[in-house]
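This report concerns only the one structure given below.
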Amino acid sequence: MGATSELNPPSGPADGWRDGRTPMNLARSSGGEGREAPIEDPAQIRKAMAVLQQTEAEFPIKVEGTHTLPYTSRIQRMDATKGVLYLKLIRPLPHEMAVGASFEMLFAVGDQRFEAPITFLGRDSYLLYTFSLPLRMTLADRRSDKRYPFRPREKAYVLAQDAGLPGHGLAGPLVNLSLGGLAFRVDRVVRLADRMRVTPGLGFFEKGKDLPMLKIRDLPKHPLFEARGTVANAWERDGEIVVGVQFGELGDAEFRQIQEVLAIREQMLRNPASTTGDGTVKTTRTKAPATAPAGPASRVNPAGAQTPDALTRLGRRGTSLLLAMPRGPGRDAVQAALGAAGYLRLDPVDTLAQALDRLRVDSGAASRLLMLETPAGTVPPLNDLRSMQRELGELRELPVALIQADGMPEETEDPLIRPLPWPGTADGAWLPLLDELAGL
């Protein structure tokens, strides 16, 4: 490419590329027969990197040719004369990372996404690393991460909250999932300041909108997945809005969760007859050989009559429990006790206010239970809880369990707001009371 095809950088992240000459047009025009050739003009590449630096855009890099967890990075500075990029990462590279290792960076300029190979040059300071300036960049396949569809009957559900003021909560069923992000259908948007539902247009879901809280409920084998994300795109389908979200930096545990879920989906696609929706492998019953009739002592009663505890544990697994208490060892211990008892669909938040916001956003979802820590010497916020119960109305009841670390909360004389002993693994006195409150 010569100087006549030079890119004009945008003046801001939403302005695009002037004159309608995007990198995609340039790549296509130079490839012949509609093929998209890489951009190799150093001036074009430097301008693209300058846009990333000016907008402080975050983008992933990963070791070339691997499926390892990518590293979220941004350009802190660029030395074009030396051909060096200084990338600030959110988490450190391994100490054993060798100089000369090949990486891939995936980034957006205007409305286009690009891939570019870069080489690791070394460590400059904490979380600041040097890489070679790319020699070429190529239009990226937007579907490089395979997307796996989810049907509404599978009940996987997305909850999100934006970073604006006064703030909005978004909720709706999961449409598809990949290693890089998800799409969901927007069922409701709630303005958190006044609890009012709003009906936004597509413009509300602007590209790049930050979603610091992003959760998926009821994925196969994983009742709750938590991350953060940004809006990648939004479109209308059959009169409904579908929003595409790109994941932010994932921890190792979250990345493994997504990998496990997608492995189950891949198994379902390859052999749908042998896998159920939750990833359980179906077993084929074979006719048993004829034997002599069994006597009464060898007959097995129906499962429910033989082991009623099994039905209770099944009910616990199906109960969504919202745990409102400050994060720390105490909350970790309570979560461990609840999980050991079979309450696996846990959704922890730090405060009652956050819990109430979550309930408003998710007011149409399945019934759930709220567990609230009330510190010793404080009065339980019964007015707030009863106000929330009235707000939910006939949609569902809101049973509340009150717990206290150094004692027992006072009785409330309200059948739906009850004190419980502190949940622990050593003493199970709390568990029958919680089961009763949950309707089990």
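Position 390 (the sequence shown) corresponds to 389 in numbering that gives the first Met the number 0; numbering is contiguous. Even for Gly, the Cβ is constructed at its ideal location relative to N, Cα and C.
- 9 Å or more divides the Cβ of residue 245 from the Cβ of residue 168.
- For residue 421, there is no enclosing beta strand (DSSP E), since its DSSP letter is neither H nor E.
- Between residue 431 and residue 369, the alpha-carbon positions lie close to 16 Å from each other.
- For the options 147, 313 and 242, the alpha carbon positioned closest to that of residue 259 is the one of 147.
- Here DSSP, grouped into helix, strand and coil, assigns residue 235 to strand.
- By a beta-carbon distance limit of 8 Å, residue 211 does not contact residue 155. Their separation comes to about 21 Å.
- In the displayed model, residue 115 falls within a strand according to three-state DSSP.
- With distances taken between CA atoms, residue 348 lies nearest to 358 out of 341, 339 and 358.
- When only Cα atoms are considered, residue 59 and residue 236 end up about 29 Å apart.
- In this structure, the alpha-carbon of residue 104 lies about 34 Å from that of residue 199.
- In the pairwise beta carbon analysis, the segment 309-322 is classified as not touching the segment 171-191: fewer than three pairs are separated by under 8 Å.
- Beta bridge pairing from DSSP links residue 50 with no other residue.
- Residue 382 sits in a helix when the DSSP states are folded into three classes.
- Here residue 326 carries a coil assignment [DSSP, helix/strand/coil].
- An exposed status is given to residue 234, since fewer than 16 other beta-carbon atoms sit within 10 Å of its beta-carbon.
- Taking C-beta separations shorter than 7 Å and ignoring five residues to either side along the sequence, the partners of residue 99 in its chain run 118 and 119, following chain order.
- By the C-beta density criterion, residue 373 is buried, having at least 16 other C-beta atoms within 10 angstroms.
- Look at residue 432 here: in three-state DSSP terms it is helix.
- 332 is the residue among 239, 332, 171 and 251 whose C-alpha sits nearest the C-alpha of residue 424.
- A Cβ-Cβ separation of about 4 Å places residue 136 in contact with residue 113 under the 8 Å criterion.
- Close CB contacts of residue 209 within its chain, under the 6 Å cut and outside five residues either way in sequence, are with 162 and 229 (chain order).
- For residue 356, the number of other beta carbons within 10 angstroms of its own is at least 16, and it is reported as buried.
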